[in-house]
Structure formats: C-alpha cells, structure tokens
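S.K.: Following this message is one structure expressed as structure tokens.
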Amino acid sequence: MRKNFCPLCGKEVELEEMVGGMCAECYIKKEKIIESPRESEITICPRCGSLYEGGWKKSKSIESAAVAFISSKILISNEIDNIELNFSPERLNSKKIIVHANFKGRIKTETIEKNLDILVRVRYNICDRCSRISGGYYESIVQIRAYNRNPTKSEREKIKKIASEIVNNGYDRGDEKSFITDIKEFEKGLDLYLGSKKIAKQICKSVRSRYGGDLLDSAKLVGEKDGKKNYRITHSLRLPKFLIDDIISYEGNIIQIKKIGKKITGRDLSTGKTIMLEDHKDKLRRMKKVGSIEESAETDLIAATENEIQVLDPETDEVVTIPKPYFIDDFNKNKIKVIKTDSGLIALSATFKEKK
Numbered sequence: 000m001r002k003n004f005c006p007l008c009g010k011e012v013e014l015e016e017m018v019g020g021m022c023a024e025c026y027i028k029k030e031k032i033i034e035s036p037r038e039s040e041i042t043i044c045p046r047c048g049s050l051y052e053g054g055w056k057k058s059k060s061i062e063s064a065a066v067a068f069i070s071s072k073i074l075i076s077n078e079i080d081n082i083e084l085n086f087s088p089e090r091l092n093s094k095k096i097i098v099h100a101n102f103k104g105r106i107k108t109e110t111i112e113k114n115l116d117i118l119v120r121v122r123y124n125i126c127d128r129c130s131r132i133s134g135g136y137y138e139s140i141v142q143i144r145a146y147n148r149n150p151t152k153s154e155r156e157k158i159k160k161i162a163s164e165i166v167n168n169g170y171d172r173g174d175e176k177s178f179i180t181d182i183k184e185f186e187k188g189l190d191l192y193l194g195s196k197k198i199a200k201q202i203c204k205s206v207r208s209r210y211g212g213d214l215l216d217s218a219k220l221v222g223e224k225d226g227k228k229n230y231r232i233t234h235s236l237r238l239p240k241f242l243i244d245d246i247i248s249y250e251g252n253i254i255q256i257k258k259i260g261k262k263i264t265g266r267d268l269s270t271g272k273t274i275m276l277e278d279h280k281d282k283l284r285r286m287k288k289v290g291s292i293e294e295s296a297e298t299d300l301i302a303a304t305e306n307e308i309q310v311l312d313p314e315t316d317e318v319v320t321i322p323k324p325y326f327i328d329d330f331n332k333n334k335i336k337v338i339k340t341d342s343g344l345i346a347l348s349a350t351f352k353e354k355k
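When you line the sequence shown up against numbering that gives the first Met the number 0, it's residues 0 to 355, in that order.
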C-alpha cells in the first residue's frame, strides 16, 4: 500500500486516505468544511406566513421559513460524506429567530460535528396574494343554484370543500391567484369569488362531475391594460332538481335515484334494473318527483301472490294491494318499506340488488 507524508503535520498517511494533498485531520483544521452566515434577514408576509426569496413561497410558519432560508445558505465541502444537518429554530420575539444547526459528517476515517447558531432578523411585507385578497380582487364568480329547489346544506358544504381543495392545490403549484376572495350565501344558493379564471373553471368541472347540472358562462368587460381587454367571467352552475334517493316518475317507470353526475343513475323499482338517464333539460322536464326515501315508512307485509302483495297502509292501517316488486321473492320477513305517492303505495328494497 503506497503511503505519503502529510506536508502539514508530517504524519505518514496512505495515499487513498489523503484529502487535498494532506491528511484528513489537517484538512479539517485548515479548510472550511461548512460555511454559513452569522446572521441573515428574511421577508415574511404577516398574513399567510409566505417567505419571499426571489418570489413568494408558501411556508407553514415563520420558524419553518427561517429554517428553509438558512438551509439554502449553508455551504458544505464536497469532500464530506454521510452528511446529517438538523435545525432547531428558537423564536426570540416577533422580529428575531435563532436557528440552531447541528452538522455531522465524515472525511475518510475522521468524524466531524459542528454546531452553528445563526441569527435571523424578520421583516414583514404583505405578499401579492394577500394584497389582492384584502383589496377584493377577483377574476371569476361561480354561482351555485338549483332547479326548482334550494341547494341543500350538505351540497353547499361539499361544494365549499371542493373549492377549498382546488384552491389550495393551485397555490401549492405556485399559482398566486389561486384564492377565494369571498363567499356569499343566499337562500337560493351561494356565490364564490375567485382570484383566478383557471381555478374557477376547475371548480365548475369538479362540481358538475359530482352533481351534474347545467353551466352557463358570461363575460363582463372591466378594463383594459397594455391594449388587452380584461373580462370578469361569471359561471352560473344550476344543479339538477333531484337529489340522491329521490323517487321519480319517468315514462311510466318509478325510479329511485342512486347517483347524480353527468348522468343520473337509478333503479327501476318494478324490475330492479339499473337505469341511466342523460342529464339534460328535455328529459328533466319529463321527470316528476313522487317522493323520497326519507319519506318512507316500514309496514307489515300481509300476503303475497304471483303478481301482487298486500300491505298495511302506514297512515290508515288499511290493507292495500299493490304490484309485487322484483325483490319480494328473496324477502323472508314480514316487514317492508313503502312510500306513499299520489299514485298509491310503492314498495322499496333495502338493498340495490338487480333482478337477473
């Protein structure tokens, strides 16, 4: 094994253990293994905590922003292996943070450990995004309404959740206009004011995918900049007039709605078969709501023949004869759910099982 002498300390060292022409121990003493500023300054948005570093970047807290900034300023020698660098921020006050950094590494057979304390001064400046929000900036409005009814509380909350998730995802991807400026609620629906036309379109697409409905867009000229006209877009999204588990009459069939989206999925309560209905105005006009699962009641099953069953009317206790439903062959109990409509009682199945 070839060896050489360290020119600084004179120690005999194997050639492969030398670093920069000297032994590892002398290299550690002579060279700068790790460099960092003694103190630094960061700019933070006081409203959202974003860090400015050539542009505004999302941050969980001022402490995490300080750590992220300092970690980008630390330089480590390329000769170091097995690097470990851990940070512990200490908040002194609203304008000062000390970032404690613990560094570990190896050069050849030598282990290195250093502790650094870096003072970070905090400046505050409102970011572009928060400035737009506080100024009431918006590019689009998404109006949520429904045909012949008001959107339910569940629909409203879910739509607001969908909008919030899309906005957060857009901001995480770097879209500074991805925010909700305002939400106005009315008895007939709600209006979402969005900072980005792109985000507004994504919200409409996601809501329609879940609930279906019709979308109408309109544009309003609000100004001109550098010869380019600026428009605000209003997306009017009208949800279907029916809800999941509504019972409807359509072309002579009684159908329980099971899913609403781009198409309405239901089951024929006479045959148990799945029905797919296009969600468009012509067909919707021919659909009539006759009840809802929430209005159903459990009653006694008195008798069953090949084509008919007898049940007790849950309101009058009279024995009523109705057409035998598809699922009664598998029914081995003496109770059954029914719903009362203008056309009489309709039997309901507890499960969505197609007749084969």
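Glycine included, every Cβ here is placed at the ideal spot set by N, Cα and C.
Keep in mind that this is a model prediction, so the values were computed, not measured.
Whole angstroms are fine: how far does the CA of phenylalanine 185 sit from the CA of isoleucine 96?
M.R.: 46 Å
S.K.: Note the first and the last residue of the continuous alpha helix (DSSP H) segment covering aspartate 210.
M.R.: With the sequence shown as reference, residue 210 is identified as tyrosine, and aspartate is not the correct amino acid for it. DSSP places tyrosine 210 inside the alpha helix (DSSP H), whose first and last residues are 196 to 210.
S.K.: Just grab the DSSP bridge partners of aspartate 216 for me.
M.R.: Aspartate 216 pairs with His234.
S.K.: Looking at chain C, is there any beta carbon in it that lies within less than 8 Å of the beta carbon of asparagine 333?
M.R.: Among the protein chains of the structure shown there is no chain C, as only one such chain exists.
S.K.: Phenylalanine 178 to tyrosine 170, Cα distance in whole Å?
M.R.: Here the alpha carbon of phenylalanine 178 sits roughly 8 Å from the alpha carbon of tyrosine 170.
S.K.: Asparagine 85 to alanine 64, Cα distance in whole Å?
M.R.: 15 Å
S.K.: List in chain order: all unbroken beta strand (DSSP E) runs of 3+ residues lying wholly within the stretch 5 to 46.
M.R.: 11 to 13, 38 to 43
S.K.: According to DSSP, methionine 275 sits in a beta bridge with which residue or residues?
M.R.: Thr264
S.K.: To the nearest whole angstrom, what separates the beta carbons of lysine 261 and serine 208, a pair I think is in contact under 8 Å?
M.R.: Yes, they are in contact, since the Cβ atoms of lysine 261 and serine 208 sit about 7 Å apart, within 8 Å.
S.K.: Can you tell which of Val337, Gly20, Ser163 has the C-alpha that lies nearest to the C-alpha of isoleucine 253?
M.R.: Val337
S.K.: Quick one: using the 10 Å Cβ neighbour count with 16 as the cut-off for buried, is proline 88 buried or exposed?
M.R.: Buried, since its Cβ has 16 or more Cβ neighbours within 10 Å.
S.K.: How big is the Cα-Cα spacing for proline 36 and aspartate 174?
M.R.: 31 Å
S.K.: Have a look at Tyr210, Ser235, Thr298 and flag the residue whose alpha-carbon is nearest the alpha-carbon of lysine 200.
M.R.: Checked all of Tyr210, Ser235, Thr298; the closest Cα to lysine 200 is Ser235.
S.K.: Which residues in the same chain as proline 324 place their Cβ atom closer than 6 Å to its Cβ, once the five residues preceding and following it in sequence are excluded?
M.R.: Ala346
S.K.: Quick check on the DSSP output: the beta strand (DSSP E) that includes glycine 290 runs from which residue to which?
M.R.: 287 to 291
S.K.: Considering only residues of the stretch 36 to 121, which uninterrupted alpha helix (DSSP H) runs meet the minimum length of 4 residues and lie entirely inside it, listed in chain order?
M.R.: List check, alpha helix (DSSP H) in window: 61 to 70.
S.K.: Quick test of the definition: if touching needs 3 or more C-beta pairs under 8 Å, does the stretch 149 to 157 touch the stretch 182 to 197?
M.R.: Yes, they touch.
S.K.: Please classify lysine 352 as buried or exposed, where buried requires at least 16 neighbouring CB atoms within 10 angstroms.
M.R.: Because lysine 352 carries a pLDDT of 44, less than 50, the predicted location of this residue cannot be relied on, and no value is offered for it.
S.K.: Going along the chain, which unbroken runs of the alpha helix (DSSP H) with 4 or more residues stay wholly within the stretch 117 to 198?
M.R.: 127 to 133, 152 to 171
S.K.: Once DSSP output is grouped into helix, strand and coil, what is the label at glutamate 294?
M.R.: helix
S.K.: Could you tell me whether the stretch 63 to 81 touches the stretch 150 to 165, using the rule of 3 or more Cβ pairs below 8 Å?
M.R.: Contact fails: fewer than three Cβ-Cβ distances are below 8 Å.
S.K.: Please look up how many angstroms separate the CB atoms of leucine 220 and tyrosine 230, rounded, as I've assumed it's under 8 Å.
M.R.: 6 Å
S.K.: For the 8 Å Cβ check, are there 3 or more pairs between the stretch 47 to 66 and the stretch 19 to 32?
M.R.: no
S.K.: Residues in the same chain with beta-carbon distance under 6 Å from isoleucine 140, minus the five sequence neighbours each way, listed in chain order, please.
M.R.: Excluding residues within five positions, the ones whose Cβ falls inside 6 Å are Asp190, Tyr192, Thr233.
S.K.: Looking at the structure shown, is lysine 327 part of a helix, part of a strand, or coil, going by DSSP?
M.R.: The sequence shown places isoleucine at residue 327, rather than the lysine named in the question. It is helical.
S.K.: Would you decide whether arginine 266 is buried or exposed? Buried here means 16 or more other CB atoms lie within 10 Å of its CB.
M.R.: buried
S.K.: So, at 8 Å on beta carbons, what are the nonlocal neighbours of glutamate 40 in its own chain, with the 5 sequence-adjacent residues on each side left out?
M.R.: Val119, Arg120, Val121, Arg122
S.K.: Taking the alpha carbon of methionine 275 as the point to measure from, which residue in Lys258, Lys204, Asp116 has its own alpha carbon closest?
M.R.: Distances from the alpha-carbon of methionine 275 to those of Lys258, Lys204, Asp116 put Lys258 closest.
S.K.: Do isoleucine 292 and aspartate 244 have their C-beta atoms closer together than 8 Å?
M.R.: yes
S.K.: Thinking just about the alpha-carbon of each residue, which of Asn124, Leu238, Asn77 is nearest to the one in glycine 48?
M.R.: Asn124
S.K.: Over the uninterrupted beta strand (DSSP E) stretch that includes threonine 320, give me the two end residues.
M.R.: 318 to 322
S.K.: According to the Cβ coordinates, are isoleucine 32 and serine 70 closer than 8 Å?
M.R.: no
S.K.: Counting along the chain, where does the beta strand (DSSP E) carrying lysine 336 start and finish?
M.R.: 334 to 340
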